[in-house]
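First to last, the sequence lines map onto chains A and B. Residues in the first sequence are numbered from -14 upward in steps of one, following my numbering. Residues in the second sequence are numbered from 41 upward in steps of one, following my numbering. We treat Cβ as the ideally placed atom computed from N, Cα and C, and that holds for glycine. Note that the structure is predicted; figures quoted are calculated from it, not measured.
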Amino acid sequence: GDSVTQMEGPVTLSEEAFLTINCTYTATGYPSLFWYVQYPGEGLQLLLKATKADDKGSNKGFEATYRKETTSFHLEKGSVQVSDSAVYFCALSERNQGGKLIFGQGTELSVKP
Amino acid sequence: SAVISQKPSRDICQRGTSLTIQCQVDSQVTMMFWYRQQPGQSLTLIATANQGSEATYESGFVIDKFPISRPNLTFSTLTVSNMSPEDSSIYLCSARGQGAGGAGNTIYFGEGSWLTVV
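As structure tokens, this is what we get:
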């Protein structure tokens, strides 16, 4: 079945460092890909998405490119801030599944001043 | 876009009792879902809430434990029945936007209902 694998956390960075969180997926079809973020004590927020190969999703300085050839959707940010500390979830949704999401295990990011 | 409101946002429940969580969307959506997030874990899909008919449950989840209703396009409830401490989780309502293109590909989440069973 479909699955999503993220790099293990926690990831600890200093402010203004470069961030990469790896995400790879296995899918039988042609899924849409998502990154969600969960700040401490809060619910889940959509960070960015991509619906087809080579699409780049971007928001709040974060970017991820849908790479069909490597089945990846790595999250990047050039300069992290303390306020980016959160748990990040990579997820996929198959087109014929009506919006059901399969999530990775989540990667906790901690940014130190 | 769609805004999803859940009630209650938090609750402390006694073992053996049941609690119903409500999910209201401010615009029409196509699909609605319920997820569970156990402490420190990722999200797991419980079921798809179908309008006017029985929900479709994922493996490991059953209707007797998690009855779900969806009487119309914008409202759904999830009941957690006969609760035990293992049911302490965040329960999240999710909905898929309506329409073609970007709106139809966007999946929204409520802020979650944080349940602690004692």
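Tell me which residue opens and which closes the beta strand (DSSP E) that residue i is part of.
i	result
B/M72	69 to 77
B/S99	Neither: B/S99 is in no beta strand (DSSP E) and is coded neither H nor E.
B/Q62	59 to 65
A/T5	4 to 6
A/A38	Neither: A/A38 is in no beta strand (DSSP E) and is coded neither H nor E.
B/R50	50 to 53
A/E61	60 to 62
A/S68	Element bounds for A/S68: n/a, residue is neither H nor E.
A/E48	47 to 50
A/T(-3)	-4 to -1
Beta-carbon within less than 8 Å of residue i's beta-carbon, same chain only, minus the 5 sequence neighbours each way: which residues are those?
i	result
B/R15	The structure shown does not extend to residue 15 of chain B, since chain B is modelled only from 41 to 158, so the question has no answer here.
B/P111	Q91, G92
A/G46	K62, G63, S64
B/Q68	L113, T114, Q138
A/E48	L33, K41, G42, L60, E61, K62
B/L83	Y75, R76, Q77, L132
A/G91	Q(-9), G(-6), Q23, V72, Y73, F74
Kindly list the residues whose CB is nearer than 6 Å to the CB of residue i, restricted to its own chain and excluding five residues on each side of it in sequence; keep chain order.
i	result
B/V120	L59, D127
B/S116	C63, M72, A89, R110
A/N7	M(-8), H59
A/E93	G(-6), P(-5), V72
A/P98	E0, V67
B/Y148	A42, I44, A135
B/G152	I130, L132
A/N44	L32, L33
A/S(-12)	T11
A/E79	G14, P16
B/P107	T119
B/T70	R136, Q138
B/T146	G137
Who does residue i pair with in a DSSP beta bridge?
i	result
A/Y73	A/V22, A/T92
A/V(-11)	A/Y10
B/G137	B/V69
A/I87	A/L77
B/F149	B/S134
B/Q46	B/C63
B/L83	B/Q77
A/S17	A/S78
A/K34	A/F19
A/S57	A/T9, A/R52
B/G157	A small correction: the amino acid at residue 157 of chain B is Val; Gly does not occupy that position in the sequence shown. Answer by DSSP bridge pairing, in chain order: B/C53.
Only counting the same chain, and skipping five residues up and downstream in sequence, which positions put a Cβ closer than 7 Å to that of residue i?
i	result
A/Q66	E0, V96
B/Q78	S129
B/L85	F73, Y75, E98
B/T57	M123
A/Y51	L18, A35, K37, A38, D39, D40, F58
A/T(-3)	S95, K97
A/T9	T(-10), T56, S57
#### Entry: Within 9 Å of chain B by C-beta, residues of the stretch -7 to 7 of chain A in sequence order
none
### Message
As an exercise, report each continuous beta strand (DSSP E) stretch of at least 3 residues that is fully enclosed by the stretch 100 to 134 of chain B, in chain order.
### Response
Counting whole runs of 3 or more residues, the stretch 100 to 134 of chain B contains the beta strand (DSSP E) stretches 108 to 112, 115 to 120.
### Query
According to a CB-to-CB cut-off of less than 7 Å, which residues of the stretch 70 to 91 of chain A neighbour chain B?
F74, S78, G83, G84, K85, L86, F88, G89, Q90, G91
### Query
Between the stretch 81 to 108 of chain B and chain A, which residues of the former have a C-beta closer than 9 Å to a C-beta of the latter?
Q81, S82, L83, T84, L85, T88, E98
### Task
Note down, in chain order, all residues in the stretch 24 to 55 of chain A with a beta-carbon under 8 Å from any beta-carbon belonging to chain B.
Taking 8 Å as the Cβ-Cβ cut-off against chain B, the residues of the stretch 24 to 55 of chain A that qualify are E27, G28, L29, Q30, L31, K34, T36.
### Task
Name, going along the chain, the residues of the stretch 127 to 140 of chain B whose beta-carbon falls closer than 9 Å to a beta-carbon of chain A.
Residues of the stretch 127 to 140 of chain B whose Cβ lies closer than 9 Å to any Cβ of chain A, in chain order: I130, L132, S134, A135, R136, G137.
### Message
Along the stretch 108 to 122 of chain B, where does the CB come closer than 7 Å to a CB of chain D? Name the residues.
### Response
No chain D is part of this structure, whose protein chains are labelled A and B.
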